[in-house]
Amino acid sequence: MIEKRPGLTVLSHLVLILGVLIVAFPLYLTFVASTQSAAEIAQSVPMSMWPGSHALETYKTALFGGETSAGSRIPAAAPMMWVSLVSALVIAIGKIIISLLSAFAIVYFRFPLRNLVFWMIFVTLMLPVEVRIGPTYEVVSNLGMLNSYAGLTVPLIASATATFLFRQFFLTVPDELVEAARMDGAGPMRFFIDILLPLTRTSIAALFVIQFIYGWNQYLWPLLVTTNEDMYPVVMGIKRLIAGEAYTEWNVVMATAILAMLPPALVVILMQKWFVKGLVDTEK
Amino acid sequence: MLVAPQMAIVLVFFFWPAGQALYQSVLSQDAFGTSTEFVGLENFERLFADSTYLESFKTTAVFSLLVAFFGLSISLLLAVMADRVLKGAAIYKTLLIWPYAVAPVVAGVLWLFMFASPMGVIAFYLRSVGIEWNHLLDSGHAMTLIVVAAVWKQISYNFLFFLAGLQSIPKSLLEAAAIDGASPWHRFWTIVFPLLSPTTFFLLVINVVYAFFDTFGIVDATTQGGPGKDTAILVYKVYYDGFKALDMGGSAAQSVILMLIVVALTVVQFRFVEKKVQY
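Note that the protein sequences, when read in sequence, are chains A and B. When the letters of the first sequence are read in order and numbered with my numbering, they come out as residues 3 to 286. When the letters of the second sequence are read in order and numbered with my numbering, they come out as residues 328 to 606.
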């Protein structure tokens, strides 16, 4: 604080509280809607702003599926959440492993075409999935990977950002460490596992948070490669619950939305320190 | 050997498809996909003669400018305020960052629920002040809806970067200005804002990229490009033309153009990072 201006401080708090309220309002409304019955939401205009008493049954319907009182069949969200979890974990961990390996190779080994490899990885930065959906879809379908975890995850695993992050980090590791390890008779893999990995722990944690969210929130790609209901991630399931606005069972939709938001939101809030570090690092 | 897995994926899922896109963009397929012929640049010519494609460009431009402008100004305001207060700064931060974790589709669904007539809460209050909200018919309303949802999701990201930028500004500069009698308002515009310009510029690029590519879920969940084609952003159109209208050649040509845009944006970003703009 540079000078005392109580008026301005009060104003700052007011603006912040207002901001927090506006940001949180959709979430609150979602939660309220998920605790009411479909009829309550449809009949009272505007809907009640206080939580209703149907939370348990709504969440049960959303999680395990079944018929609602209005007669529409709701697919279960629990298996979809499992699909989401598996693919998010595979994408996050897979990205970290292959990026660590290639960054290690690029920094510590001299091999033919090293520069070419580096640039090829670099160029993928410019090819986000959204840009090449059509052709990538064809490749995946030719390889017979539609409707499988492999199809959901493998095309998203290559990561230029992660490779660069690790490369930058490896470049800051002092050469003395390499020399010391060599004098003690450690081979390259030994050095990688015993010295480099422990040093990289914080970067790995940070990257994991970012990539987990990225994997969990994928929408366009699963929309293309899955046609079988067993392989839908939960984010896609929500979209399918909205048939037409008038007939949508909003309470179930909102319960599913809460379920879909919960895991990534928890990861962000519980691992806040790593999350902020990850965001700032990956964008450098 | 160590780079093998990464290279395999990069080659199979990045370069091959990109090559395919280039290749397909010069081919034309008949309705049943039985024969293809080489048509040169015809797909591109058709694309640029197509008024809906040009419209889609305009829509995307308007959309990304709106998202970038509102996203940046709101989060800058919040970040400046959060930088000022001492009490509760950590709590505000936690409460502001969680929307980052929300998937674009889910963000779209949340806002759709509030604006959906007849029972949407915001739609109801808008009606009571005389605005008949209907994003299914009114393209202005539809655009507002996707901009609001996109901005809401992006605030947390911008906020974190602005806050980090503000905290790296040396306090001595501000103290010196305060001693010289500059008001907080004056200090902000003459010292803080110029020093923050690298962050602002970086975020501008990121927000435009975000509006271009990551908002597919929001559009698909709320307006599906409608009414008509008034909110069909470029990525949505690639998807729609390729997978719904089955015009693979046209879709591939659009992919190629999108790639050019991304390359341009990346180059802009890297030129800037190398120069480290400082005023």
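Glycine is no exception: its CB is placed at the ideal position from the N, C-alpha and C atoms. Predicted model, so just to flag it, every value in this text is computed and none were measured.
For residue 194 of chain A, same chain residues with a beta-carbon under 6 Å away, outside a window of 5 residues either side, are 106 in chain order. With respect to residue 452 of chain B, residue 22 of chain A sits apart: the two C-beta atoms are not nearer than 8 Å. Against chain B, the beta carbon of residue 195 of chain A has no neighbour under 7 Å; the closest one sits roughly 13 Å away. Contact between the segment 197 to 209 of chain A and the segment 265 to 284 of chain A is present: 3 or more CB-CB pairs across the two stretches fall below 8 Å.
Neighbours of residue 527 of chain B across chain A, judged by C-beta separation under 7 Å, do not exist; the nearest C-beta is about 14 Å away. Distances from the CA of residue 530 of chain B to each of B:499, B:490, B:443 were compared; the closest alpha carbon is that of B:490. If you look at residue 484 of chain B, you'll find it in the alpha helix (DSSP H) that goes 466 to 494. Here residue 143 of chain A carries a helix assignment [DSSP, helix/strand/coil]. Put simply, the CB of residue 560 of chain B is far from chain A, with every gap to its CB atoms at 8 Å or more. In the three-state scheme derived from DSSP, where H, G and I count as helix and E and B as strand, residue 117 of chain A is classed as helix. Contact between residue 262 of chain A and residue 237 of chain A holds, with the beta-carbon distance rounding to 6 Å and staying under 8 Å. Cα atoms of residue 498 of chain B and residue 204 of chain A: separation of roughly 29 Å, rounded to the nearest angstrom.
Ranking B:554, B:471, B:588 by CA distance to the CA of residue 561 of chain B puts B:588 first. Taking 7 Å as the Cβ-Cβ cut-off, the segment 410 to 425 of chain B approaches chain A at 411, 412, 413, 419, 421, 422, 423, 424, 425, given in chain order. Close partners of residue 431 of chain B in chain A (Cβ separation under 8 Å): 219, 221. DSSP places residue 181 of chain A in the uninterrupted alpha helix (DSSP H) bounded by 177 to 185. Interface flag for residue 137 of chain A against chain B is set, since a Cβ pair is found closer than 8 Å. The segment 198 to 281 of chain A is shown to contain whole alpha helix (DSSP H) runs of 4 or more residues at 199 to 218, 222 to 227, 236 to 243, 252 to 272, in chain order. Contact check for residue 138 of chain A and residue 157 of chain A: beta-carbon distance about 6 Å, within the 8 Å limit, so the pair qualifies. At a cut-off of 8 Å between beta carbons, residue 92 of chain A makes no contact with chain B. Taking residue 526 of chain B as the centre and dropping the five residues before and after it, the same chain places the C-beta of 488, 489, 492 closer than 7 Å to its C-beta, in chain order. If you draw a straight line from the Cα of residue 465 of chain B to the Cα of residue 439 of chain B, it comes to about 15 Å. Between the alpha carbons of residue 590 of chain B and residue 146 of chain A lies a distance of about 31 Å. With a contact defined as Cβ atoms closer than 8 Å, residue 31 of chain A and residue 448 of chain B qualify at about 6 Å.
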